[in-house]
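Step one of this worksheet: look at the structure below.
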Amino acid sequence: MNSKKDYRKHYSGVRKTAKTDDKDMLISARVLADERVRNAQTVLLFASFCSEPDTWDIGEKLLIQGKTVAFPKCQTAGHMTFHTVDDISRLRGGEPGKYDICEPDESLPCPDLSSDTVCIVPGLAFTLNGGRLGYGGGYYDRFLSAHKDIYTIALAYEELIAPQLPLEEHDLRVDQIITEERTVLCNAE
105 MNSKKDYRKH
115 YSGVRKTAKT
125 DDKDMLISAR
135 VLADERVRNA
145 QTVLLFASFC
155 SEPDTWDIGE
165 KLLIQGKTVA
175 FPKCQTAGHM
185 TFHTVDDISR
195 LRGGEPGKYD
205 ICEPDESLPC
215 PDLSSDTVCI
225 VPGLAFTLNG
235 GRLGYGGGYY
245 DRFLSAHKDI
255 YTIALAYEEL
265 IAPQLPLEEH
275 DLRVDQIITE
285 ERTVLCNAE
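For the sequence shown, the positions run 105 to 293 when this note's numbering is used.
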């Protein structure tokens, strides 16, 4: 594999075979038990689709705990905003947005972001030092580079931890990775 496109194709296939409900439940339990998540006022979640680790259960349980939960809305020019939701079923049952991913209504409020905010980040593969292979749109890289004090946690199946990835200077690293087997504190700078 030489290009990011090759890596994306490879790890997309790996993720499809790796996904199981049991693994999703283990990841969800690890996320909900995580100290950073427990202490966060606001959690930014991605709306999982296809073979991504399930975030719907996580979102529902965080709302029950009284957390502010927000999901992304893709905007023009590769930017995104997060909007708070108070009922996951309305988001999940709504019209899919860009890329056929469920998105919140743009009229919903944007959350207050601070160093107590945790962002759960999607991706296709990750390295142990926080390297992330995303989908190629740069949405999270742009958002997180504008909000450097937000703590980032990636969700991945163990099979998606790669020895290396073709990362570029603008590719942001995550602070932590949670799999069905472990929590990895990355050496992200």
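For every residue, glycine included, the Cβ atom is placed at its ideal position computed from N, Cα and C.
Here the structure is a predicted model, which means the values were calculated and not measured.
When the beta-carbon positions are compared, L264 and Y111 stay at least 8 Å from each other.
Nearest in C-alpha terms to A181, of all of R119, R246, G235, is R246. Counting only the Cα atoms, V189 lies some 18 Å from L136. Assignment of H187 by DSSP, reduced to helix, strand and coil, places it in the strand class.
Per DSSP, C154 has no beta-bridge partner at all.
Assignment of beta-bridge partners to R236 by DSSP yields F230.
Straight-line measurement puts the Cα of H114 at about 13 Å from the Cα of G238. Exclusion of the five residues before and after R134 leaves I282, T287 as the residues of its chain whose Cβ lies within less than 7 Å of its Cβ. Under the three-state reduction of DSSP output, Y244 falls in the helix class. In this chain, the alpha helix (DSSP H) harbouring L130 covers 125-137. CA-CA distance, A144 to K123, rounds to 27 Å. For T121, the enclosing alpha helix (DSSP H) has its first and last residue at 108-122. Spatial neighbours of R119 in its own chain (CB-CB distance under 7 Å, excluding positions within 5 residues in sequence) are listed in chain order as S155, L228, Y261, L264.
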